[in-house]
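Peer 1:
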Amino acid sequence: MIEMLQTLIMWDAWPAGLQTLVVIMLKIVAILAPLMVAVAYYTYFERKVIGYMHVRIGPNRVGPRGWLQPIADAVKLMFKEIVIPSGADKKVFLIAPVLAMAPALAMWAVIPFNDTLVLADINASLLYVLAIGSMGVYGIILAGWASNSKYAFLGAMRSAAQMVSYEIAMGFALVVVLMAAGSLNLGDIVRAQQGDYGLFNWYWLPLLPMMVVYFISGVAETNRAPFDLAEGESEIVAGFHVDYSGTTFAVFFLAEYANMIIVGMLSALLFMGGWLSPFQGWTDSWLGQPSLFWLLAKASIFLFLFLWFRATFPRYRYDQLMRLGWKVFIPLTIVWLVLVGVAVMAGLEPWFGKA
Amino acid sequence: MTFEQILFYAFAAILVFAAGMVITVRNAVHAALFMVLAFFTSAALWLLLEAEFLAITLVLVYVGAVMVLFLFVVMMLDLNTAPMREGFARYLPVGIVVALLVIAVMAMAVGQRHFGLEQMPVPVPHGADYSNTRELGLLLYTTYVYPFEIAAVILLVAIVAAIALTLRQRGGTKTQNIAEQVAVRRDDRVRLVQMDAEQRK
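Read top to bottom, the protein sequences are chains A and B. So for the first sequence, my numbering puts the first residue at 4; every next one is plus one. So for the second sequence, my numbering puts the first residue at 32; every next one is plus one.
#1: Could you give the C-beta distance for A/Pro73 and A/Tyr55, rounded to a whole number, given that I count them as a contact under 8 Å?
#2: With DSSP run on the structure shown, which of helix, strand or coil describes A/Pro62?
#3: Counting only Cβ-Cβ distances shorter than 9 Å, please list the residues of the segment 143-162 of chain A near chain B, keeping chain order.
#4: Taking the alpha carbon of A/Val254 as the point to measure from, which residue in A/Val25, A/Val42 and A/Ala19 has its own alpha carbon closest?
#5: Which residues in chain A have a C-beta closer than 9 Å to the C-beta of B/Val60? List them in chain order.
#6: Quick one: does B/Leu108 have its CB under 8 Å from some CB of chain A?
#7: Taking all protein chains shown into account, do 16 or more other C-beta atoms lie within 10 angstroms of the C-beta of A/Trp205, making it buried, or fewer, making it exposed?
#8: Distance, Cα to Cα, A/Gly305 vs B/Gln230?
#9: Residues of chain B with a CB under 8 Å from the CB of A/Asp322: which are they?
#10: In chain order, what residues of the same chain lie with their CB nearer than 7 Å to the CB of A/Ile171, ignoring the 5 residues before and after it?
#11: Tell me which residues share the same chain as A/Ile135 and place their Cβ nearer than 7 Å to its Cβ, disregarding the 5 neighbours each side in the sequence.
#12: Check whether chain B comes within 8 Å of A/Tyr319, counting only Cβ atoms and requiring the distance to be less than that.
#13: Would you decide whether A/His57 is buried or exposed? Buried here means 16 or more other CB atoms lie within 10 Å of its CB.
#14: In whole angstroms, what is the alpha-carbon distance linking A/Ala358 and A/Phe203?
#15: Would you give the residue range spanned by the alpha helix (DSSP H) that A/Glu49 belongs to?
#16: Look up A/Tyr319 in the DSSP assignment and say whether it is helix, strand or coil.
#17: Quick one: give me the first and last residue of the alpha helix (DSSP H) that A/Gln165 is part of.
#18: Can you list, in chain order, the residues of its chain whose CB lies under 6 Å from that of A/Trp240, leaving out five sequence neighbours each side?
#19: At the 8 Å Cβ level, is B/Leu131 part of the contact set with chain A, yes or no?
#20: Please state if the CB of A/Val343 and the CB of A/Ala183 are separated by a distance shorter than 8 Å.
#21: Quick one: give me the first and last residue of the alpha helix (DSSP H) that B/Asp219 is part of.
#22: Strictly under 8 Å for the Cβ-Cβ distance: is B/Glu81 near chain A by that measure?
#23: Is there contact between the segment 143-162 of chain A and the segment 94-105 of chain A, where contact requires at least three CB pairs shorter than 8 Å?
#24: Looking at chain E, is there any beta carbon in it that lies within less than 8 Å of the beta carbon of B/Thr173?
#25: DSSP three-state label for A/Ile304, please.
#26: Can you find at least 3 beta carbon pairs, one from the segment 61-71 of chain B and one from the segment 45-52 of chain B, that sit closer than 8 Å?
#27: Expressed to the nearest angstrom, what Euclidean distance is found between the alpha-carbon atoms of A/Met39 and A/Gln323?
#28: What residues in the segment 159-192 of chain B bring their beta carbon closer than 7 Å to a beta carbon of chain A?
#29: Could you spell out where the alpha helix (DSSP H) holding A/Val216 opens and where it closes?
#30: Just checking: is the beta-carbon of B/Gly203 within a distance shorter than 8 Å of some beta-carbon in chain A?
#31: Would A/Phe309 and A/Met263 be called neighbours here (beta carbons separated by less than 8 Å)?
#32: Report yes if the CB atom of A/Leu290 is closer than 8 Å to the CB atom of A/Asn117, and no otherwise.
#33: Give the interface partners of B/Phe84 over in chain A, defined as CB-CB distance under 8 Å, in chain order.
#34: Closest to A/Tyr141 by C-alpha separation, out of A/Gly158, A/Ile85 and A/Ala77, would be which residue?
#35: State the DSSP-derived secondary structure class of A/Phe116, mapped to helix, strand or coil.
#36: Assuming the contact rule is C-beta atoms closer than 8 Å, A/Thr336 and A/Val216 should be a hit. Round their C-beta distance to whole Å, please.
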């Protein structure tokens, strides 16, 4: 099939540079197209899950059991007018959603899906994820500023302070992981968790507090409930995107969900053994083999946690949020950094013996 | 021209353009945004020099943290640029002299004599398994361990000093003790009482 297509378009006659470019583009499409579908159905899943947690049904009108709801939402948003407030800084107002979306997509370049399946296998991929992730805040603060609205500006200020604070705890948690694995490459971090004890080899056990810190910081970084002070409907209407409508709002929405999926994926890769099977060494059937299925299953569990949190916890107060970040998470990560340092030097089996 | 050279000139052009815009645009927020672009493109240039650790750290620290705080402050300011441009003609000669001096110093420091093509031959490109991060780490924690640690301690002292200078405790203020609030249990607030059923009158 592929060979037939190759002869049909005279692939071999193309210049080498163009060939590489086309192959990379196709790989990007192969990652982003499923991602967009995942984002769409994650919003549907969210409404269903929260619905059932509230003892109601959730969307069930568009298509069978409401399966076409996300598509209807997307079409509706696309055909709505984009309103630009009269006092807004027009260029920055329109660039802001792009700046929110671009990092959320760029991070996928280094996410490995199994032992070999990764778009860009760079040796500092964890650092890359942290660096690109830290750029997501620009979309939010610029949106708040460019809207020329007090509510939007307050939301942006809250969000900027919150994201800068939690990035430190998140960074420290990642430092502990890279110390344990002895590598900055996401693939190597997963491979370092391989062993004969199945799920007990993974880092969730020795780095349990770090997993909690990382995931909660991830919830705070993506501005999700209970850390969604940037939106805070009851106080500042909808926060930074109060003046956005139609497609521009949809882009913010997409970026938020793409970021959530990234956090879920990274939690699975860093702490839950990525594509490794929880039953490795226990059984010889496919259940014991590493595969993409396990990665997606683990990421889905974390994504479910996002929704569970939203349906369960009331929103944090701002001073509580700052205290949690600075006075609880950062000291905890520093203590664990020292402990893991000792454990790595001592070669504590079965996690740190190999490095 | 190789592909790398095309990339280099493209990024260099963007960098120079962004740097020029930083000092020429009127709006302070726009200037800060062009500075972000300048940092980002210089990170791309460092990547071309195989300094991927430094490039990513530049984005992480400067774009991700420093410029965010910078924007934070700039957005809160209500800058009126008219009085700032008042003495432009008067200060122009001084400005030109300073600029020429800086150019001269830079030409002397990083010019042909120290960084010419003879002193700095084209480095041999490393293989795909070469880890810039590992090399930097090895250097920092062996040869340069004392300067590195001393720099870290100085930064720590600066942080502590900044906090010590600004943290004031005033008597008579009412503050909430969040740790106490979070630690509240049901038993602290609710008392269950057992009482006998009573006859309705």
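The beta-carbon is built from N, C-alpha and C at its ideal position, and this holds for glycine as well.
Peer 2: If we stick to the structure as given:
#1: In the first sequence, the residue the question calls residue 73 of chain A occupies position 70. In the first sequence, the residue the question calls residue 55 of chain A occupies position 52. Not quite, the Cβ-Cβ distance comes to about 17 Å (not below 8 Å), so this is no contact.
#2: The residue given as residue 62 of chain A occupies position 59 in the first sequence. A/Pro62 sits in coil when the DSSP states are folded into three classes, being neither helix nor strand.
#3: Of all residues in the segment 143-162 of chain A, only Ile144, Leu145, Gly147, Trp148, Ala149, Phe156, Ala159 and Met160 come within less than 9 Å of chain B when Cβ atoms are compared, listed by chain position.
#4: Here the question's residue 254 of chain A lines up with position 251 in the first sequence. Closest option to A/Val254, Cα to Cα, is A/Val42.
#5: For the purposes of this step, residue 60 of chain B is taken as the residue at position 29 of the second sequence. Neighbours of B/Val60 in chain A, taken as residues at a C-beta separation under 9 Å, are given in chain order as Asp92, Val95, Leu145, Trp148 and Ala149.
#6: In the second sequence, the residue the question calls residue 108 of chain B occupies position 77. No, because no Cβ of chain A sits closer than 8 Å to the Cβ of B/Leu108.
#7: By 1-based counting over the first sequence, the position of residue 205 of chain A is 202. A/Trp205 sits buried, since 16 or more C-beta atoms from the chains shown fall within 10 Å of its C-beta.
#8: In the first sequence, the residue the question calls residue 305 of chain A occupies position 302. In the second sequence, the residue the question calls residue 230 of chain B occupies position 199. Looking at the sequence provided, one finds Phe at residue 305 of chain A rather than Gly. Rounded to whole angstroms, the gap between the alpha carbons of A/Phe305 and B/Gln230 is 55 Å.
#9: Locating residue 322 of chain A in the first sequence gives position 319, counting from the first residue. Annotation: Cβ neighbours of A/Asp322 in chain B (cutoff 8 Å, chain order): Gln207 and Ile209.
#10: The sequence position of residue 171 of chain A within the first sequence is 168, counting from 1. Closer than 7 Å at Cβ, skipping near neighbours: Ile333.
#11: Within the first sequence, residue 135 of chain A is the residue found at index 132, counting from 1. The residues are Pro106, Ala109 and Met110.
#12: Counting from one through the first sequence, the residue named residue 319 of chain A turns up at place 316. Judged by the 8 Å Cβ criterion, A/Tyr319 is not in contact with chain B.
#13: Along the first sequence, read from residue 1 onward, the residue named residue 57 of chain A stands at position 54. A/His57 is exposed by the Cβ-count criterion.
#14: Working through the first sequence from its first residue, we reach residue 358 of chain A at position 355. Working through the first sequence from its first residue, we reach residue 203 of chain A at position 200. Because A/Ala358 sits at a pLDDT of 46, beneath the cut-off of 50, its placement in the model cannot be relied upon, and the point is left open.
#15: Counting from 1 along the first sequence, the entry for residue 49 of chain A is found at position 46. Taken as a continuous stretch (DSSP letters only), the alpha helix (DSSP H) holding A/Glu49 covers Ala19 to Met56.
#16: Here the question's residue 319 of chain A lines up with position 316 in the first sequence. For A/Tyr319, the secondary structure class from DSSP, reduced to helix, strand or coil, is coil.
#17: Numbered from 1 along the first sequence, position 162 holds the residue referred to as residue 165 of chain A. Element bounds for A/Gln165: Lys153 to Ala184.
#18: The residue labelled residue 240 of chain A in the question sits at position 237 within the first sequence. Checking the sequence shown, residue 240 of chain A turns out to be Val, not Trp. Within the same chain, A/Val240 has close Cβ partners Tyr154.
#19: Numbered from its first residue, the second sequence carries residue 131 of chain B at position 100. Taking Cβ atoms only, chain A never reaches closer than 8 Å to B/Leu131, which makes this a no.
#20: Translated into the one-based positions of the first sequence, residue 183 of chain A becomes position 180. Translated into the one-based positions of the first sequence, residue 343 of chain A becomes position 340. Yes, these two residues count as a Cβ contact at 8 Å.
#21: The sequence position of residue 219 of chain B within the second sequence is 188, counting from 1. For B/Asp219, the enclosing alpha helix (DSSP H) starts and ends at Arg217 to Arg220.
#22: Position 50 of the second sequence, counted from the start, is the residue given in the question as residue 81 of chain B. Closer than 8 Å: no.
#23: Yes, since at least three Cβ pairs between the segment 143-162 of chain A and the segment 94-105 of chain A fall closer than 8 Å, the two stretches touch.
#24: No chain E is present in this structure, whose protein chains are A and B.
#25: Against the first sequence, residue 304 of chain A aligns to sequence position 301. In the structure shown, A/Ile304 sits in a helix (DSSP, three-state: H, G or I).
#26: Taking 8 Å as the limit for Cβ pairs, the verdict is that the segment 45-52 of chain B does touch the segment 61-71 of chain B.
#27: Counting from one through the first sequence, the residue named residue 39 of chain A turns up at place 36. Counting from one through the first sequence, the residue named residue 323 of chain A turns up at place 320. Whole-angstrom Cα-Cα distance: 34 Å.
#28: Answer set for the segment 159-192 of chain B: Ser162 and Thr164.
#29: Sequence index remark: in the first sequence, residue 216 of chain A carries index 213 (1-based). In the DSSP assignment, A/Val216 falls within the unbroken alpha helix (DSSP H) covering Leu211 to Glu224.
#30: Here the question's residue 203 of chain B lines up with position 172 in the second sequence. Using beta-carbon distances, B/Gly203 does not count as an interface residue toward chain A, since no partner is under 8 Å.
#31: Against the first sequence, residue 309 of chain A aligns to sequence position 306. Against the first sequence, residue 263 of chain A aligns to sequence position 260. Contact flag set, yes.
#32: For this step, residue 290 of chain A is matched to residue 287 along the first sequence. For this step, residue 117 of chain A is matched to residue 114 along the first sequence. For the pair A/Leu290 and A/Asn117, the CB atoms are not nearer than the 8 Å cut-off.
#33: Stepping through the second sequence from its first residue, residue 84 of chain B is reached at position 53. In chain order: Ala127 and Leu130.
#34: Numbered from 1 along the first sequence, position 138 holds the residue referred to as residue 141 of chain A. When each option's Cα is compared against that of A/Tyr141, the closest is A/Gly158.
#35: In the first sequence, counting from the first residue as 1, residue 116 of chain A sits at position 113. DSSP places A/Phe116 in coil when its eight states are reduced to three.
#36: Within the first sequence, numbered from 1, the residue matching residue 336 of chain A stands at position 333. Within the first sequence, numbered from 1, the residue matching residue 216 of chain A stands at position 213. Indeed, because the Cβ distance is near 6 Å, the residues count as touching under 8 Å.
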